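Chemist: Residue 387 in the numbering used here sits at position 387 of the sequence shown; the count goes up by one each step and never skips.
C-beta: ideal position from N, C-alpha, C; glycine also.
Everything numeric in this text was worked out from a predicted model, so none of it was measured.
First the structure, which I've put down as structure tokens, then a few questions once you've had a look.
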Amino acid sequence: MKIYQLIKKSSSNTAYVSSASRRLIHAFDFFGIDYRLFTGYSFPPKSVCLILTDKCNLKCSMCDIGQGNAHNEYAYQSSLIASIQSGEEQMSTEEWLNILDDLARFVPKPLILLTGAEPFLYPEIMRIIEKIINRGFSLHITTNGTLLAKYASHLVTLCKTARDMDITVSLDDIGESHDAIRGVKGTFQRAIEGIQQVASAREIEHQAFPIINITCTISNHNYKNLASFTEWFIRGNIPIESITFNHLWFKDATLVKAHNRQYGQTLPASEMNVSDIDIRAIDMEKVYAQIRQIKRRCAQTHIRIHQEPDLSRDEGLIYYSDPCQFVFSNRCTAPWRNVTITPKGNVILSPLCFLPAIDTIKQKPFLTIWNGASFRKIRQQLRGVKAYPACARCCMLFSSRPKYYKIKSWLR
Numbered sequence: 001m002k003i004y005q006l007i008k009k010s011s012s013n014t015a016y017v018s019s020a021s022r023r024l025i026h027a028f029d030f031f032g033i034d035y036r037l038f039t040g041y042s043f044p045p046k047s048v049c050l051i052l053t054d055k056c057n058l059k060c061s062m063c064d065i066g067q068g069n070a071h072n073e074y075a076y077q078s079s080l081i082a083s084i085q086s087g088e089e090q091m092s093t094e095e096w097l098n099i100l101d102d103l104a105r106f107v108p109k110p111l112i113l114l115t116g117a118e119p120f121l122y123p124e125i126m127r128i129i130e131k132i133i134n135r136g137f138s139l140h141i142t143t144n145g146t147l148l149a150k151y152a153s154h155l156v157t158l159c160k161t162a163r164d165m166d167i168t169v170s171l172d173d174i175g176e177s178h179d180a181i182r183g184v185k186g187t188f189q190r191a192i193e194g195i196q197q198v199a200s201a202r203e204i205e206h207q208a209f210p211i212i213n214i215t216c217t218i219s220n221h222n223y224k225n226l227a228s229f230t231e232w233f234i235r236g237n238i239p240i241e242s243i244t245f246n247h248l249w250f251k252d253a254t255l256v257k258a259h260n261r262q263y264g265q266t267l268p269a270s271e272m273n274v275s276d277i278d279i280r281a282i283d284m285e286k287v288y289a290q291i292r293q294i295k296r297r298c299a300q301t302h303i304r305i306h307q308e309p310d311l312s313r314d315e316g317l318i319y320y321s322d323p324c325q326f327v328f329s330n331r332c333t334a335p336w337r338n339v340t341i342t343p344k345g346n347v348i349l350s351p352l353c354f355l356p357a358i359d360t361i362k363q364k365p366f367l368t369i370w371n372g373a374s375f376r377k378i379r380q381q382l383r384g385v386k387a388y389p390a391c392a393r394c395c396m397l398f399s400s401r402p403k404y405y406k407i408k409s410w411l412r
């Protein structure tokens with residue numbers, strides 16, 4: 001529906017105003033009007049990530065939190081861990097529920113993300129999920145899958161429509177190879193059992209949702225196995241919707257040194273997610289060839305394949321060999337689109353972002369914070385530089401790429 005048709009229909013049907021306003025705001029988002037024209041103000045956030053807990057039950061080799069669990073001394077200096085654990089007191093369940101009431105006032109309502117460490121380790125996670133669904137949000141859960149079986153039936157029962165919820169399970173290889181990357185034996189089997197439990201619960205409820213997606217983080221430990229990884233899911237007819245191959249989000253010594261030469265006195269950055277990873281050992285020629293092969297293989301199956309970010313061959317060759325060089329996107333719009341709330345109530349852009357906490361949700365409502373003075377200052381500073389050197393391999397930068405190519409599909 002074209003914009004002028006949307007406005008005309010809204011004027012004759014007041015019940016249509018809410019829907020119209022949502023679509024209009026999303027249309028403006030394509031053009032980045034708030035980023036380009038407003039002095040630090042923003043439309044409502046597209047997504048709000050709630051990190052309910054800083055706990056994780058795995059020891060993932062490509063994650064500083066996991067390396068902390070593995071008692072790697074390097075990880076204790078991680079800015080990733082510091083950003084999640086900083087603050088005084090843990091948020092109570094009631095405080096999380098109150099935040100959801102606050103966020104529900106936005107039009108359109110943001111997508112709610114439950115991720116961080118392992119969300120299903122939060123004791124009252126189902127109360128949070130119930131509130132999210134009942135308040136009309138769409139929910140995306142990212143989990144290592146080891147606790148999914150315990151909650152599968154309840155999750156399916158709560159999910160009444162396809163837009164209510166989807167679940168992403170993080171897996172990096174098959175069987176013992178996956179367990180070695182995650183540092184805990186039996187991890188892969190437990191995750192697969194969780195996926196199958198969700199599928200069984202869906203059959204009982206005669207519904208196809210929530211859908212299950214797989215995300216696989218590419219590293220030197222698994223980059224040769226991407227094709228065999230995908231083939232295992234195809235041959236096993238595992239009930240998943242998609243596989244996304246994620247490139248590492250990291251800050252290595254070279255990138256940090258380049259950033260701190262310019263901004264070390266005011267906005268210092270430190271290494272992140274490289275303690276047990278050799279980024280230059282990742283052969284992007286092999287990765288790119290496998291992803292092309294996988295896409296051809298899955299073209300006639302039910303599994304969709306994605307690469308995040310969707311690097312070209314030349315961009316891929318630069319990504320790990322020259323981390324200081326921007327690829328795919330060189331402008332960060334994350335403060336206009338996304339935000340994260342940590343277990344102790346700090347409002348940050350992302351656990352991967354080196355910028356300090358913007359505010360604390362314990363002292364004021366989110367609606368006040370979103371376009372408050374601190375957030376506007378962050379936006380104005382970032383707009384001035386487009387992106388900092390330390391942003392070059394951050395997922396928030398990748399999702400900031402302009403989406404003009406989607407306008408035609410929106411207008412259909």
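Beta-carbon within less than 6 Å of Asp164's beta-carbon, same chain only, minus the 5 sequence neighbours each way: which residues are those?
Modeler: Position 164 of the sequence shown, counted from the first residue, corresponds to residue 164. Closer than 6 Å at Cβ, skipping near neighbours: Ile133.
Chemist: Excluding the five sequence neighbours on either side, which residues of its own chain have a C-beta within less than 6 Å of the C-beta of Asp54, listed in chain order?
Modeler: Within the sequence shown, the letter at position 54 stands for residue 54. Within the same chain, and ignoring the five residues on either side of Asp54 in sequence, the residues whose Cβ sits closer than 6 Å to its Cβ are Ile84, Gln85, Ala117 and Pro343.
Chemist: With DSSP collapsed to three states, give me the class of Cys49.
Modeler: For the purposes of this step, residue 49 is taken as the residue at position 49 of the sequence shown. DSSP places Cys49 in strand when its eight states are reduced to three.
Chemist: From Thr368 to Lys362, what distance separates their C-alpha atoms?
Modeler: Start at 1 with the first residue of the sequence shown, and residue 368 comes out as number 368. Start at 1 with the first residue of the sequence shown, and residue 362 comes out as number 362. Distance between the alpha carbons of Thr368 and Lys362: 12 Å.
Chemist: Roughly how many angstroms lie between the CA atoms of Phe229 and Gly384, to the nearest whole one?
Modeler: Reading the sequence shown from its first residue, position 229 is the one you call residue 229. Reading the sequence shown from its first residue, position 384 is the one you call residue 384. Approximately 43 Å between the Cα atoms of the pair.
Chemist: Hey, how far is the Cα of Asn413 from the Cα of Asn222?
Modeler: With the chain covering 1 to 412 only, the question about residue 413 has no answer from this structure.
Chemist: Measuring only the C-alpha atoms, how far is Leu248 from Ile282?
Modeler: Here residue 248 is taken as the residue at index 248 of the sequence shown, counted from 1. Here residue 282 is taken as the residue at index 282 of the sequence shown, counted from 1. If you take the alpha carbons of Leu248 and Ile282, they lie about 10 Å apart.
Chemist: Hey, would you say Cys324 sits closer than 8 Å to Ser400, going by beta carbons?
Modeler: The residue you call residue 324 lines up with position 324 of the sequence shown. The residue you call residue 400 lines up with position 400 of the sequence shown. Cβ distance not < 8 Å, so Cys324 and Ser400 don't count as in contact.
Chemist: Using only the alpha-carbon positions, how far apart do Thr143 and Thr168 sit?
Modeler: Start at 1 with the first residue of the sequence shown, and residue 143 comes out as number 143. Start at 1 with the first residue of the sequence shown, and residue 168 comes out as number 168. Rounded to the nearest whole angstrom, the CA to CA distance from Thr143 to Thr168 is 6 Å.
Chemist: Alpha carbon to alpha carbon, how far is Leu37 from Ser78?
Modeler: Taking the sequence shown and counting its residues from 1, one reaches residue 37 at position 37. Taking the sequence shown and counting its residues from 1, one reaches residue 78 at position 78. Spanning the two alpha carbons is a distance of roughly 36 Å.
Chemist: Does DSSP classify Pro188 as helix, strand or coil?
Modeler: One-based indexing of the sequence shown puts residue 188 at position 188. Reading off the sequence, residue 188 comes out as Phe, not Pro. Helix, per DSSP.
Chemist: In this structure, what does DSSP give as the bridge partners for Ile167?
Modeler: Counted from its first residue, the sequence shown places residue 167 at position 167. Note: Ile167 sits in a beta bridge opposite Ile141 and Ile212.
Chemist: Are the beta-carbon atoms of Leu113 and Arg135 separated by less than 8 Å?
Modeler: Counting from one through the sequence shown, the residue named residue 113 turns up at place 113. Counting from one through the sequence shown, the residue named residue 135 turns up at place 135. No.
Chemist: If Trp96 sits next to Leu147, beta carbons under 8 Å apart, how far is it from one beta carbon to the other, in whole angstroms?
Modeler: As a first step, residue 96 must be located in the sequence shown, where it is residue number 96. As a first step, residue 147 must be located in the sequence shown, where it is residue number 147. Actually they do not touch by this definition, with Cβ atoms about 19 Å apart.
Chemist: By Cβ distance, which residues of its chain are closer than 8 Å to His306, with the 5 residues on each side in sequence left out?
Modeler: In the sequence shown, the residue the question calls residue 306 occupies position 306. Taken in chain order, the residues that qualify are Ser242, Ile243, Thr244 and Phe245.
Chemist: With DSSP as the reference, label Ile306 as helix, strand or coil.
Modeler: Locating residue 306 in the sequence shown gives position 306, where the first residue counts as 1. One detail in the question is off: residue 306 reads as His in this sequence, not Ile. Strand.
Chemist: For Lys295, I'd like the list of residues in its chain whose CB is within less than 8 Å of its CB, leaving aside the five on either flank, ordered along the chain.
Modeler: Residue 295 sits at position 295 when you count from the first residue of the sequence shown. Same-chain partners within the cutoff: Ile305.
Chemist: Thinking just about the alpha-carbon of each residue, which of Ala392, Phe366 and Arg280 is nearest to the one in Pro309?
Modeler: As a working mapping, residue 309 is identified with position 309 in the sequence shown. When only C-alpha atoms are compared, the closest one is Ala392.
Chemist: What residues in its chain sit with their C-beta under 7 Å from that of Leu397, if we drop five residues either side in the sequence?
Modeler: For the purposes of this step, residue 397 is identified with residue 397 of the sequence shown, where counting begins at 1. Result list for Leu397: Ser329, Cys332, Ala387 and Cys391, in chain order.
Chemist: Nearest to Ile238 by CA position, among Ile192, Pro110 and Phe366, is which residue?
Modeler: What you label residue 238 is simply residue 238 of the sequence shown in a count that begins at 1. Nearest C-alpha to Ile238: Ile192.
Chemist: Starting from the Cα of Phe137, find the closest Cα among Leu103, Ser170, Ala152 and Gly145 and give me that residue.
Modeler: Here residue 137 is taken as the residue at index 137 of the sequence shown, counted from 1. Considering only alpha carbons, the answer is Leu103.
Chemist: Comparing alpha-carbon positions, which option in Ala149, Leu349 and Pro335 lies nearest Gly32?
Modeler: The residue given as residue 32 occupies position 32 in the sequence shown. Minimum Cα distance to Gly32 is reached at Pro335.
Chemist: Does DSSP put Ser242 in a helix, in a strand, or in coil?
Modeler: Locating residue 242 in the sequence shown gives position 242, where the first residue counts as 1. Residue state, collapsed to three classes: strand.
Chemist: Output needed for Arg202: all residues of its chain with C-beta closer than 6 Å, excluding positions within five of it in sequence on either side, in chain order.
Modeler: Translated into the one-based positions of the sequence shown, residue 202 becomes position 202. Val156, listed in sequence order.
Chemist: At what residues does the beta strand (DSSP E) containing Thr340 begin and finish?
Modeler: Here residue 340 refers to the residue found at position 340 when the sequence shown is read from its first residue. Thr340 -> beta strand (DSSP E) spans Asn338 to Ile341.
Chemist: How do the stretch 253-269 and the stretch 343-357 stand: do at least 3 beta-carbon pairs fall below 8 Å, yes or no?
Modeler: Output reads yes: the stretch 343-357 touches the stretch 253-269.
Chemist: Please classify Lys109 as buried or exposed, where buried requires at least 16 other C-beta atoms within 10 Å of its C-beta.
Modeler: Taking the sequence shown and counting its residues from 1, one reaches residue 109 at position 109. Burial call: buried.
Chemist: Could you spell out the range, first to last residue, of the alpha helix (DSSP H) harbouring Asn69?
Modeler: For the purposes of this step, residue 69 is taken as the residue at position 69 of the sequence shown. Asp64 to Asn69 is the span of the alpha helix (DSSP H), which, as asked, contains Asn69.
Chemist: Going by C-alpha distance, which of Arg235, Ile211, Met284 and Gly183 is nearest Gly66?
Modeler: On the sequence shown, position 66 is the one that residue 66 refers to. Comparing Cα-Cα distances from Gly66 to each of Arg235, Ile211, Met284 and Gly183, the minimum goes to Gly183.
Chemist: Does the beta-carbon distance from Ile234 to Asn213 come in below 8 Å?
Modeler: Working through the sequence shown from its first residue, we reach residue 234 at position 234. Working through the sequence shown from its first residue, we reach residue 213 at position 213. Result no, Cβ atoms of Ile234 and Asn213 do not sit closer than 8 Å.
Chemist: For Arg190, I'd like the list of residues in its chain whose CB is within less than 6 Å of its CB, leaving aside the five on either flank, ordered along the chain.
Modeler: Position 190 of the sequence shown, counted from the start, is the residue given in the question as residue 190. The residues are Thr146.
Chemist: May I have the straight-line CA-CA distance separating Asp173 from Lys150, to the nearest angstrom?
Modeler: By one-based count along the sequence shown, residue 173 stands at place 173. By one-based count along the sequence shown, residue 150 stands at place 150. Computed Cα separation, rounded: 23 Å.
Chemist: Would you call Ile204 buried or exposed, if buried means 16 or more other Cβ atoms sit within 10 Å of its Cβ?
Modeler: Stepping through the sequence shown from its first residue, residue 204 is reached at position 204. When all chains shown are included, Ile204 counts as exposed.
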